[in-house]
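Quick mapping for you: the protein sequence lines, in order, are chains A and B.
In my numbering, each number is its position in the first sequence, counted from 1, plus 18.
In my numbering, each number is its position in the second sequence, counted from 1, plus 18.
Just so you know, even glycine gets a beta-carbon here, dropped at the ideal spot from N, CA and C.
Here the structure is a predicted model, which means the values were calculated and not measured.
There are 2 protein chains.
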Amino acid sequence: MKLDDRGLLIVISGPSGVGKGTVRKALFAREKHNLEYSVSMTTRLPRVGEFDGTDYFFVTRKQFENRIKEEKLLEYSEFVGNYYGTPIDYVEDRLNEGKEVVLEIEVQGAMQVREKMPDAVFVFIVPPSKGALRDRITKRATETEDIINKRMDKAEREFGLAHKYDYIVVNDNVENAADRIMAIIRAEHAKTERTIHKYMKILEVE
Amino acid sequence: MKLDDRGLLIVISGPSGVGKGTVRKALFAREKHNLEYSVSMTTRLPRVGEFDGTDYFFVTRKQFENRIKEEKLLEYSEFVGNYYGTPIDYVEDRLNEGKEVVLEIEVQGAMQVREKMPDAVFVFIVPPSKGALRDRITKRATETEDIINKRMDKAEREFGLAHKYDYIVVNDNVENAADRIMAIIRAEHAKTERTIHKYMKILEVE
């Protein structure tokens with residue numbers, strides 16, 4: 019496997035409620051793609067119907083903490099007493115197979131990936147308007163007004179990190195957003211810094 | 019017209035013989051596009067069937083030289099005693115109308131545009147191999163081996179400028195190359211530096 023044929027790491031992120039998961043699913047529903055979803059690792063127990071290696075890599079707390087110590091996670095966080103993270107080796111293996119690896123993660127996780135894989139492509143999903151975001155958060159939550167406001171506040175703080183991403187994709191319509199991400203992947207493969215060594219080599223060969 | 023709705027200036031360039039013109043024509047043959055071809059200005063006389071404002075803007079030598087003095091050309095060159103150039107005002111007007119303006123120019127001209135419009139998108143077209151380029155140059159020319167070699171030498175010197183472009187698009191197949199350019203245009207519109215002000219504004223509005 020030549021380095022040139024490595025896939026891209028695509029990080030799809032954005033505040034909760036912008037529809038990251040829906041956009042990601044629309045991408046994977048495409049007929050022709052070379053995408054691979056990055057399976058996360060977690061310490062929580064499998065739910066009925068979940069399979070190890072498909073839904074998550076299920077590990078013990080000790081195994082997860084060893085991974086942290088050995089710096090074998092691209093990013094991780096703790097949520098309601100359980101760890102969630104992205105194993106580096108899984109991502110690297112898929113990239114070396116030439117797959118485009120898609121991570122769908124929270125903003126804080128994306129910032130960790132940026133440190134470790136500056137070469138990845140960072141896509142920030144935004145809602146078409148603040149009103150649309152509030153609608154989504156309200157619809158999803160069975161929560162009180164207070165909790166909805168807290169989520170809106172968190173989302174607004176996270177919008178302030180948009181400048182740290184390479185692309186901003188508005189989720190006005192899921193298929194449009196997925197189209198834009200497919201175009202981004204295609205364009206990134208043509209970027210001079212990614213391809214110049216390859217073409218300089220080709221042009222040496224008669 | 020808001021600044022945000024301005025089109026992109028797409029500069030398609032590369033050594034002679036790589037098929038810039040064919041790729042450009044394939045782009046404009048697409049069913050749905052928002053592209054506008056930038057009409058060049060020249061001091062040469064119109065040929066039969068050529069129209070002012072469609073094929074070229076035909077001007078006198080004095081008019082052209084005034085344009086040079088007034089810095090109203092994005093780029094220009096002299097070839098076999100005639101001037102050829104790109105009028106800035108035509109390009110600016112189309113960009114402000116929200117059109118994606120496509121320039122198809124030689125490498126030296128592209129370098130001039132880079133100075134004046136750093137915001138433009140620079141696409142370098144390369145052949146799939148050196149052999150393919152030689153075939154194209156040979157087929158096209160009724161020239162001697164010596165002239166073919168000179169063109170190959172010039173092309174090779176120009177390949178050395180590839181790193182000054184944003185994207186390298188291999189012309190393995192005209193439709194593939196055109197697809198890649200369409201993806202590049204779409205991705206460029208989603209680039210954070212182009213869109214962040216727009217989205218920050220949108221997210222202020224409930």
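Contact check, B/I203 vs B/I28, beta carbons under 9 Å: Yes, these two residues count as a Cβ contact at 9 Å.
What whole-angstrom Cβ distance do B/A195 and A/A201 have, given they're in contact under 8 Å? Not quite, the Cβ-Cβ distance comes to about 15 Å (not below 8 Å), so this is no contact.
Is A/I220 closer than 9 Å to B/K43 when the C-beta atoms are compared? Cβ distance not < 9 Å, so B/K43 and A/I220 don't count as in contact.
Measuring alpha carbon to alpha carbon, tell me which of A/P146, A/M170, A/M218 ends up nearest B/K216. The option with the nearest alpha carbon to B/K216 is A/P146.
When B/G178, B/F140, B/E133 are compared against B/V119, the one with the closest alpha-carbon: Closest in C-alpha terms to B/V119, from the list B/G178, B/F140, B/E133, comes B/F140.
For A/P105, which option in A/Y55, A/E193, A/T162, A/K172 has the closest C-alpha, if you only look at C-alpha atoms? It is A/Y55 whose Cα lies nearest to the Cα of A/P105.
Can you check whether the CB of A/I143 is closer than 9 Å to the CB of A/G71? Cβ atoms of A/G71 and A/I143: not closer than 9 Å.
Ranges of the beta strand (DSSP E) found wholly within the segment 65-152 of chain A, counting only runs of at least 3: The segment 65-152 of chain A contains these whole beta strand (DSSP E) runs: 74-76, 91-97, 100-105, 118-122, 139-144.
According to DSSP, simplified to helix, strand and coil, what is A/Y55? Note: A/Y55 maps to strand in three-state DSSP.
Below 8 Å on the Cβ atoms is my contact criterion, and I expect A/V6 with A/M59 to pass it. Report the Cβ-Cβ distance as a whole number of Å. Residue 6 of chain A lies beyond the range of chain A shown here (19 to 224); nothing can be said about it.
Is there a Cβ from chain A that is less than 9 Å from the Cβ of B/S95? No, because no Cβ of chain A sits closer than 9 Å to the Cβ of B/S95.
Is DSSP giving A/V29 helix, strand or coil here? Of the three classes helix, strand and coil, the one that applies to A/V29 here is strand, per DSSP.
Relative to chain B, which residues along the segment 132-147 of chain A have a C-beta separation below 9 Å, given in chain order? Only F140, V141, F142, V144, P145, P146, S147 from the segment 132-147 of chain A bring a Cβ to less than 9 Å from some Cβ of chain B.
For a cutoff of 9 Å on Cβ pairs, would you count B/M129 as touching chain A? False, the Cβ-Cβ gap to chain A never drops below 9 Å.
I want to know whether the segment 60-69 of chain A touches the segment 126-140 of chain A - three or more CB-CB distances under 8 Å. Because the criterion of three Cβ pairs below 8 Å is not met, the segment 60-69 of chain A and the segment 126-140 of chain A do not touch.
8 Å contact criterion, which B/Q130 and B/E93 should meet: CB distance rounded: Going by Cβ atoms, the distance from B/Q130 to B/E93 rounds to 4 Å, so yes, they are a contact pair.
8 Å Cβ cut-off: residues of chain B touching A/A47: Chain B residues near A/A47: none, gap ~19 Å exceeds 8 Å.
Are the beta-carbon atoms belonging to A/R198 and B/A173 less than 9 Å from one another? Not closer than 9 Å, so no.
Determine which residues share a DSSP beta bridge with A/V188 and list them. DSSP, once it has assigned bridges, lists A/V144 as partnering A/V188.
Just checking: is the beta-carbon of A/M59 within a distance shorter than 9 Å of some beta-carbon in chain B? So, not an interface residue.
I need the DSSP call for A/T156, collapsed to helix, strand or coil. Reduced to three states, the DSSP call for A/T156 is helix.
By DSSP, does B/K168 sit in helix, in strand, or in coil? In the displayed model, B/K168 falls within a helix according to three-state DSSP.
Using a Cβ-Cβ cut-off of less than 7 Å, give me the residues of the segment 166-183 of chain A that come near chain B, in sequence order. If the cut-off is 7 Å between Cβ atoms, the segment 166-183 of chain A has F177, A180, H181, Y183 near chain B.
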